[in-house]
Amino acid sequence: MKQEMMNVLVYIIKTRKLRNGECPVLLRVTIDGVYSDIRINRSVKDEIWDAKLGMCRGKSREANELNDYIRNLHTRLYEIHRNMVLQDEYFTPEILLKKLFNKETTKTVLTFFKEHNEDCRRRIGLDYAYSTINRYDNCYKSLQTVIEKECGKSDITFTEFTSQFIRKYELYLTVDKGLSPNTLVRYMKVIKKVSTLALATGLLKSDPFVGMRFKQAKTNPVFLTKEELDIVTNKKFTLPRVALVRDVFVFCCYTGLAFIDVSNLKKEHIVLDNEGTYWIRKSREKTENMCDIPLLDIPLGIIRRYENHRMCKSKGILLPVMCNQKMNSYLKEITDFCGIDKDVTTHTARHTFATTVTLANGVALTNVARMLGHTSTRMTEHYAKVLSHNIYSDMKKVQTKISMSEI
Numbered sequence: 116m117k118q119e120m121m122n123v124l125v126y127i128i129k130t131r132k133l134r135n136g137e138c139p140v141l142l143r144v145t146i147d148g149v150y151s152d153i154r155i156n157r158s159v160k161d162e163i164w165d166a167k168l169g170m171c172r173g174k175s176r177e178a179n180e181l182n183d184y185i186r187n188l189h190t191r192l193y194e195i196h197r198n199m200v201l202q203d204e205y206f207t208p209e210i211l212l213k214k215l216f217n218k219e220t221t222k223t224v225l226t227f228f229k230e231h232n233e234d235c236r237r238r239i240g241l242d243y244a245y246s247t248i249n250r251y252d253n254c255y256k257s258l259q260t261v262i263e264k265e266c267g268k269s270d271i272t273f274t275e276f277t278s279q280f281i282r283k284y285e286l287y288l289t290v291d292k293g294l295s296p297n298t299l300v301r302y303m304k305v306i307k308k309v310s311t312l313a314l315a316t317g318l319l320k321s322d323p324f325v326g327m328r329f330k331q332a333k334t335n336p337v338f339l340t341k342e343e344l345d346i347v348t349n350k351k352f353t354l355p356r357v358a359l360v361r362d363v364f365v366f367c368c369y370t371g372l373a374f375i376d377v378s379n380l381k382k383e384h385i386v387l388d389n390e391g392t393y394w395i396r397k398s399r400e401k402t403e404n405m406c407d408i409p410l411l412d413i414p415l416g417i418i419r420r421y422e423n424h425r426m427c428k429s430k431g432i433l434l435p436v437m438c439n440q441k442m443n444s445y446l447k448e449i450t451d452f453c454g455i456d457k458d459v460t461t462h463t464a465r466h467t468f469a470t471t472v473t474l475a476n477g478v479a480l481t482n483v484a485r486m487l488g489h490t491s492t493r494m495t496e497h498y499a500k501v502l503s504h505n506i507y508s509d510m511k512k513v514q515t516k517i518s519m520s521e522i
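522 is the number that the numbering used here gives the last residue of the sequence shown; the numbers go up by one with no jumps.
Here's what the structure looks like:
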């Protein structure tokens, strides 16, 4: 709102007299034709009220006390207005009046978003994972950047949180940050979640996402073939930290654990059945769905290899896992050293388990889903489709070779 267009009016309502026979006194603030009224918890006899001055006539003690109070309100109100202008804060008549009387002010978008993130942060380990909160924080930072860039201020109210603003945010993520379509969708889902909460609490009057659809593109997960997995597993590395990253990666390839789950793997998650087989029984950090994974010789050997590691002993974990960023950096070196031309990350191990280690070896889809912690086989079927595509591609090569030999 334009900062120079504030008008203040003090008036009484003669038609709504109180029990004491006096009229209630109200304060009105108008900015650019938009106004807001509030009762100031004072009353006055209508015969001593001067409507033009917005004050009492006469010099009685009653008149002097009310006039002093009104002058004080004027002074404080203009001071609040001036400070908000200097700090480039967004304000409305309602916000100014609530600040004047120390009432709760209207929440702004970033304030509400920050409270949402902090609420979720307190639930880490219950129904939220660290990775989810990191994504929320990244969305907050990018939204803050767009508000400063497009609106020229530190925050906005929900009246400014419109479809037009959402489109500007989408454009920033796509053009300025260069996010991929699927990453963009994940960001927009977070903003949509916060928007829905604001609607539910009455901060938003209408849904700014009406008519907008963000759909993730289907992608084929990257995984290692049996030959590639064997190369990585058997390769000798002289640097202990590189060998460690390889071991953790291979462990995940043979268990299907995601990075956050292998990072928090403890002795209590390993159980021994009546037949002498060790199992990993652990709920996924991301979904809390239970995983039941039999431990094969390779991952079991990796656990035993690090049982006396300093980090494992101090933290009570089974494997000394580095941070995800370092893991991915070393995996790039490992795959280059092994001659594997694929964009391999820690999550590639989970894809490799689903495809090369299990489905390609005839493990039933339902069992793979249970080991991965999927609630249904619908998510797991994606891996089966990818695997079928690769088998078909390989068989086409065989057909080509056969055809050439026949010629």
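Where a beta carbon is used, it is the ideal one built from N, C-alpha and C, also for glycine.
Simplified DSSP assignment, three categories, for residue i
i: Lys-397; result: strand
i: Cys-438; result: coil
i: Met-327; result: coil
i: Pro-336; result: coil
i: Tyr-243; result: strand
i: Met-116; result: Below a pLDDT of 50, predicted positions are generally treated as unreliable, and Met-116, at 45, falls in that range; the measurement from the model is reported next regardless. In the structure shown, Met-116 sits in coil (DSSP, three-state: anything other than H, G, I, E or B).
i: Ser-158; result: strand
i: Asn-423; result: coil
i: Arg-143; result: strand
i: Asn-122; result: strand
i: Thr-272; result: strand
i: Ile-151; result: Correcting the residue type first, residue 151 is Ser in the shown sequence and not Ile. Strand at Ser-151.
i: Thr-130; result: coil
i: Ile-346; result: helix
i: Leu-387; result: strand
i: Thr-277; result: coil
i: Ile-455; result: coil
i: Ile-432; result: coil
Outcome for residue i when other beta-carbon atoms lying within 10 angstroms are tallied against a minimum of 16
i: Met-442; result: buried
i: Arg-361; result: buried
i: Asn-237; result: According to the sequence shown, residue 237 is Arg rather than Asn. Counting Cβ neighbours within 10 Å, Arg-237 comes out exposed, since fewer than 16 surround it.
i: Pro-414; result: buried
i: Leu-124; result: exposed
i: Cys-438; result: exposed
i: Pro-355; result: exposed
i: Ser-491; result: exposed
i: Glu-343; result: buried
i: Leu-182; result: For the sequence presented, residue 182 should be read as Asn rather than Leu. Buried, by the Cβ-count rule.
i: Ser-175; result: exposed
i: Lys-117; result: Only weak support is given to the placement of Lys-117: the predicted model assigns it a pLDDT of 43, under 50, and the value that follows is read from those uncertain coordinates. Burial call: exposed.
i: Ile-418; result: buried
i: Lys-214; result: buried
i: Met-121; result: buried
i: Leu-133; result: exposed
i: Ser-398; result: exposed
i: Leu-286; result: exposed
i: Val-290; result: exposed
i: Met-327; result: exposed
Anticipated Cβ contact below 8 angstroms, residue i with residue j, distance rounded
i: Thr-334; j: Asn-297; result: 7 angstroms
i: Arg-250; j: Val-305; result: 6 angstroms
i: Leu-141; j: Ile-153; result: 7 angstroms
i: Cys-453; j: Lys-350; result: 6 angstroms
i: Leu-446; j: Val-459; result: 5 angstroms
i: Arg-408; j: Met-486; result: First, the amino acid is wrong: residue 408 is Ile here, not Arg. Correct: roughly 5 angstroms between the Cβ atoms.
i: Ile-163; j: Gly-173; result: 6 angstroms
i: Leu-211; j: Ile-195; result: 6 angstroms
i: Val-357; j: Ile-449; result: 7 angstroms
Proximity winner among the options, relative to residue i (alpha-carbon distances)
i: Ala-479; options: Ala-499, Thr-467 and Thr-463; result: Ala-499
i: Leu-387; options: Ser-378, Gly-371 and Leu-410; result: Leu-410
i: Phe-329; options: Phe-338, Ser-295 and Phe-364; result: Ser-295
i: Thr-461; options: Leu-372, Ile-417, Pro-139 and Met-486; result: Leu-372
i: Lys-401; options: Tyr-243, Phe-338 and Ile-432; result: Tyr-243
i: Leu-339; options: Gln-259, Gln-331, Ala-464 and Ile-417; result: Ala-464
i: Ile-385; options: Ile-395, Asp-376 and Ser-378; result: Ile-395
i: Thr-471; options: Asn-135, Lys-382, Cys-368 and Thr-272; result: Cys-368
i: Ile-155; options: Ile-146, Arg-134 and Ile-128; result: Ile-128
i: Thr-226; options: Glu-285, Thr-348 and Ser-269; result: Ser-269
i: Leu-288; options: Val-309, Glu-233, Gly-317 and Leu-258; result: Leu-258
i: Gln-440; options: Phe-374, Tyr-393 and Asn-404; result: Phe-374
i: Tyr-110; options: Thr-272, His-231, Ile-239 and Cys-266; result: Lying outside 116 to 522, the shown extent of the chain, residue 110 is not represented and no answer is given.
i: Lys-341; options: Ala-178, Phe-468 and Met-170; result: Phe-468
i: Leu-359; options: Val-337, Cys-427, Gly-293 and Met-405; result: Cys-427
i: Asp-456; options: Asp-412, Glu-180, Ile-346 and Tyr-421; result: Ile-346
i: Asn-379; options: Tyr-245, Leu-319, Arg-420 and Pro-336; result: Tyr-245
i: Arg-143; options: Asp-234, Glu-209 and Leu-241; result: Glu-209
i: Arg-430; options: Asn-253, Lys-382 and Glu-448; result: Per the sequence presented here, residue 430 reads as Lys, with Arg not at that position. The shortest Cα separation from Lys-430 among Asn-253, Lys-382 and Glu-448 belongs to Lys-382.
Residue i CB to nearest heavy atom of the ligand SAH below 6 angstroms
i: Val-200; result: As far as ligands go, the structure on display features none, and thus does not contain the ligand SAH.
Interface flag, residue i vs chain C, CB-CB below 7 angstroms
i: Asn-217; result: Included in the structure is just one protein chain, with no chain C present.
Any 3 or more C-beta pairs closer than 8 angstroms across the region 196 to 207 and the region 153 to 165: no
Do the region 319 to 326 and the region 268 to 278 meet, that is, are 3 or more Cβ pairs less than 8 angstroms apart? Three or more beta-carbon pairs drawn from the region 319 to 326 and the region 268 to 278 are found closer than 8 angstroms, and the two stretches are therefore classed as touching.
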